[in-house]
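J.: Residue numbers (our numbering): -17 to 620. Just passing along the structure, written as structure tokens.
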Amino acid sequence: MTEAYIISITLSVFILLGIKFMSSPKTAVQGNRLAAISMFAAILFVLYRNEIVQLPLLWVAIATGGTIGYVMAIRVTMIKMPQMVALLNGCGGGASALVALIEIIERSAQMDIAMRTSSQLALLVGGVTLSGSLIAAAKLDSRISQKPVIIPHYNSVSKILLIAIGALAIMSSAYLMPEAIVLMSFLAVSLSLVLGIIFAIRVGGADMPITISLLNACSGLAAAITGFTISEPLLVAVGAIVGASGLILTKIMCSAMGRSLSSVLQGVSVKPANRSTAPEQAIVAGSVQDRPSAILRSAKRVIIVPGYGMAVAQAQMHVKKITDLLEQKGIDVTFAIHPVAGRMPGHMNVLLAEADVPYEKLCEMSEINPRFKDTDVVLVVGASDVINPAANTAEGTPIYGMPVLNVAEARHVVICNLDTKPGYSGVENTLYTMPHVSLLLGNAATTLDKLAAELSHDASPEIESATIQSNSPAGLLRCAQSVIIVPGYGMAVAQAQMHVKKITDLLEQKGIDVTFAIHPVAGRMPGHMNVLLAEADVPYEKLCEMSEINPRFKDTDVVLVVGASDVINPAANTAEGTPIYGMPVLNVAEARHVIICNLDTKPGYSGVENTLYTMPHVTLLLGNAANTLDKLAAELQA
């Protein structure tokens, strides 16, 4: 065995050890350094062995690349790390394809069949990796739409491209004129770039982390194949290590997701998600029937589920603070990590490690799922698809059949998400409408700060119980002296006017002053709300026009909204360029408390998001308005 092979094997072993060390947070930094130093040593060794160390241009290139890499590593934030990984994968694939192409241009006449074949394979894998990774990075960075792009006849198109590339490779392997080989190689790499684009652009939902992992494997594979082309055993070894580790990770993730690699590669198309078919049940968001801090304080076991929203809000430090506060109270806290949470493999692990969350507290899905049913509280931070029970029932949707965390089995679930919009897959989350779920909507970092502040102030059971009762929707109404009811088109759709009258009678029996705020364009015709309320025998003198009622909101204890959105949306005063900008609205936001009984938090007829929903003094009771009001009436009578 020659000295060169011994050195190559030694450096390959060091790189392999570096990757092994990176599998544990305790040794990850040392592993990263070992792999980086070994890689740099490998570069120097190859330059020395090929007697080109003295070329100034190479050192300029190394210095330039090193500087760019250093600056990118220093400047990149954790939220941008998936884009960074995708970009580096693309650079690896592009470099391999470029080396193979130059080798073909320079030495095609001297190449044997094996070298020509390997060079064509390097063009294929490198080209696909380059364009696919750039598309993935652009998707992750929102430079292009993050939604899957459905390509008609994708399987047929991809097969035709592969056949065409294969045909070009076979013809290039024959002893043709060098000019013909170069031309065919340019055609092959062009088709490879197209193949990478159509492969990556249709990726969405849970397939994105799998795709990033697969492209990482492809970058290593491209390097290994290029090593054969230029007869460089060290490049073959290192590329094989990277490729194998990427493929192993891809296989693990596919198994965890219940997906086959072929289904990811073939781009199995799915139907758009239909509206959730889960039973409509009222849930409370913001100010809940059982206040989240009280629920957490009384718990013995808590599982925290982080998701991509935690990364977006940079809320990992806030999660750590909540963890510390709970553990100080003797509460057992663990973390449930879904294999595709985030936008790259290990995304949540990296973020939590940054916040100094002990690695032993992180549990994989297979380990944690049986424990949810015995858990008092699950605290979800910025996760949607990975906890969506619809994955078990919503056939034809992107997440159907995907294994999810069994969050719904816990006794209580507190969800700190920005809103109730669907996750990356576009599938409505049926968990949001379950009765044991509390929604705290808004920026996760801000929400967790408020939750931490409440946890920091201990309260006696008696005080806590009283607070919970007064903070429930029924409690807020029961304690009020003045209530304004705002009806909207949703009341008409749910045929809830009789239920509104029942609530009105119950409140008035308790001596509470009740009036109605009628917006001139509420409903679908002039006087729509007046007609419906008259049908329910609501006295006409209780109906107030907007100009009369608006000054009274600031002195009102509780506003009860039933199926209204645009007419109470504060965005009408600020959202320039939108359909409702400048439209007079009811000043509901000025009241001390607002209870909204709407079907969901989707925008109204105008399509403009309602900023009222995320205000701290607002309680959301989502679901069919008639059902919600029935339950509210039952609580008022209790």
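A virtual CB, placed ideally from N, CA and C, is assigned to each residue, including glycine.
Do Met384 and Met63 have their beta-carbon atoms positioned less than 8 Å apart in this structure?
T.: Result no, Cβ atoms of Met63 and Met384 do not sit closer than 8 Å.
J.: How far does the alpha helix (DSSP H) with Glu161 in it reach, from first residue to last?
T.: Run containing Glu161: 160 to 183, per the alpha helix (DSSP H) assignment.
J.: Under the rule that 16 or more other beta-carbon atoms within 10 Å means buried, what is Gln479, buried or exposed?
T.: Flag for Gln479 reads buried.
J.: Per DSSP, what are the beta-bridge partners of Ala518 in this structure?
T.: BP columns for Ala518 are empty, so no partner.
J.: Are the beta-carbon atoms belonging to Gly202 and Val218 less than 8 Å from one another?
T.: Against a cut-off of 8 Å, the Cβ pair of Val218 and Gly202 comes out as no contact.
J.: Return the first residue and the last residue of the beta strand (DSSP E) that His394 is part of.
T.: Element bounds for His394: 394 to 398.
J.: Give the single residue among Val541, Glu436, His575, Leu175 whose Cα lies nearest to the Cα of Gly72.
T.: The option with the nearest alpha carbon to Gly72 is Leu175.
J.: Assuming the contact rule is C-beta atoms closer than 8 Å, Ser195 and Gly228 should be a hit. Round their C-beta distance to whole Å, please.
T.: So it is a contact: roughly 6 Å between Cβ atoms.
J.: Whose CA, out of Lys492, His481, Leu430, lies closest to the CA of Arg460?
T.: That would be Lys492, whose Cα lies nearest to the Cα of Arg460.
J.: Look at the alpha carbon of Val567 and the alpha carbon of Thr560, and state the distance between them as a whole number of angstroms.
T.: In a straight line, the C-alpha of Val567 is about 14 Å away from that of Thr560.
J.: Residues in the same chain with beta-carbon distance under 7 Å from Ala199, minus the five sequence neighbours each way, listed in chain order, please.
T.: The residues are Gly225, Gly228, Leu229, Thr232.
J.: Pick helix, strand or coil for Ile578, following the three-state DSSP scheme.
T.: Strand.
J.: In the DSSP output, what is Arg283 paired with across the bridge?
T.: DSSP output for Arg283 lists Asp314 as bridge partner(s).
J.: Comparing alpha-carbon positions, which option in Pro288, Pro404, Lys432 lies nearest Arg273?
T.: Nearest of Pro288, Pro404, Lys432 to Arg273, Cα basis: Lys432.
J.: Tell me, to the nearest whole angstrom, how far the beta carbon of Lys303 is from that of Ala476; I am working on the premise that it is less than 8 Å.
T.: Lys303 to Ala476, Cβ: 41 Å. No contact.
J.: Using the C-alpha atoms, what's the distance from Val395 back to Leu423?
T.: Rounded to whole angstroms, Leu423 to Val395 spans 14 Å at the Cα level.
J.: On the three-state DSSP scale, how would you describe Ser547?
T.: In this structure, Ser547 counts as coil in the three-state DSSP scheme.
J.: Going by beta-carbon coordinates alone, are Ala205 and Gly74 separated by less than 8 Å?
T.: Going by C-beta atoms, Ala205 is nearer than 8 Å to Gly74.
J.: If you draw a straight line from the alpha carbon of Ser(-10) to that of Ser407, how long is it in whole angstroms?
T.: If you take the alpha carbons of Ser(-10) and Ser407, they lie about 45 Å apart.
J.: Take Gln310 as the anchor and find which of His439, Asp358, Arg534, Leu361 has the nearest alpha-carbon.
T.: If we check each option's Cα against that of Gln310, His439 comes out closest.
J.: Taking only runs of the alpha helix (DSSP H) that begin and end inside the region 13 to 99, which ones reach a length of at least 4 residues, in chain order?
T.: DSSP runs (the alpha helix (DSSP H)) wholly in the region 13 to 99: 38 to 57, 63 to 89.
J.: Can you look up Leu387 in the DSSP assignment and give me helix, strand or coil?
T.: Reduced to three states, the DSSP call for Leu387 is coil.
J.: Determine the closest residue to Glu436 out of Arg279, Val81, Ala615, Gln128, with distance taken between C-alpha atoms.
T.: It is Arg279 whose Cα lies nearest to the Cα of Glu436.
J.: Pull up the distance between the alpha-carbon of Leu(-7) and that of Leu16, whole angstroms please.
T.: Rounded to the nearest angstrom, the two C-alpha atoms are 10 Å apart.
J.: If I measure Cβ to Cβ from Lys253 and keep anything under 6 Å in the same chain, skipping five residues before and after, which residues do I get?
T.: Below a pLDDT of 50, predicted positions are generally treated as unreliable, and Lys253, at 43, falls in that range; the measurement from the model is reported next regardless. Once the five neighbours on either side are set aside, the close Cβ partners of Lys253 are Gly378.
J.: What first and last residue would you give for the alpha helix (DSSP H) that runs through Ala297?
T.: Run containing Ala297: none; DSSP gives neither H nor E here.
J.: What are the boundary residues of the alpha helix (DSSP H) that Ile369 is part of?
T.: Unbroken run through Ile369: none, as it is neither H nor E.
J.: Can you say whether Ser348 is buried or exposed, counting buried as having 16 or more other CB atoms within 10 angstroms of its CB?
T.: That one is exposed.
J.: So the beta strand (DSSP E) Leu344 belongs to, where does it begin and stop?
T.: Start and end: 344 to 346.
J.: Per the DSSP calculation, Ser464 is bridged to which residue(s)?
T.: According to DSSP, Ser464 bridges with Asp495.
J.: Which residues does DSSP pair with Ile500 in a beta bridge?
T.: Paired residues: Glu527.
J.: Counting only C-beta atoms, is Gly291 closer than 8 Å to chain B at any point?
T.: Here chain B cannot be found, since the structure has a single protein chain.
J.: When burial is assigned at 16 or more other CB atoms within 10 Å of the CB, is Pro261 buried or exposed?
T.: Reliability fails at Pro261, whose pLDDT of 38 lies under 50, so the model's placement of it is uncertain and the value that follows must be treated cautiously. Per the 10 Å Cβ criterion, exposed.
J.: How would you label Ala620, buried or exposed, when you count the other beta carbons within 10 angstroms and need 16 or more for buried?
T.: Its Cβ having fewer than 16 others within 10 Å, Ala620 is exposed.
J.: If you follow the alpha helix (DSSP H) that Lys355 is part of, which residue opens it and which one closes it?
T.: Careful: Lys355 lies outside any alpha helix (DSSP H) and carries neither H nor E.
J.: Evaluate Gln36 with the Cβ neighbour count: other Cβ atoms within 10 Å of its Cβ, from every protein chain shown; 16 or more gives buried, anything less gives exposed.
T.: Gln36 comes out exposed.
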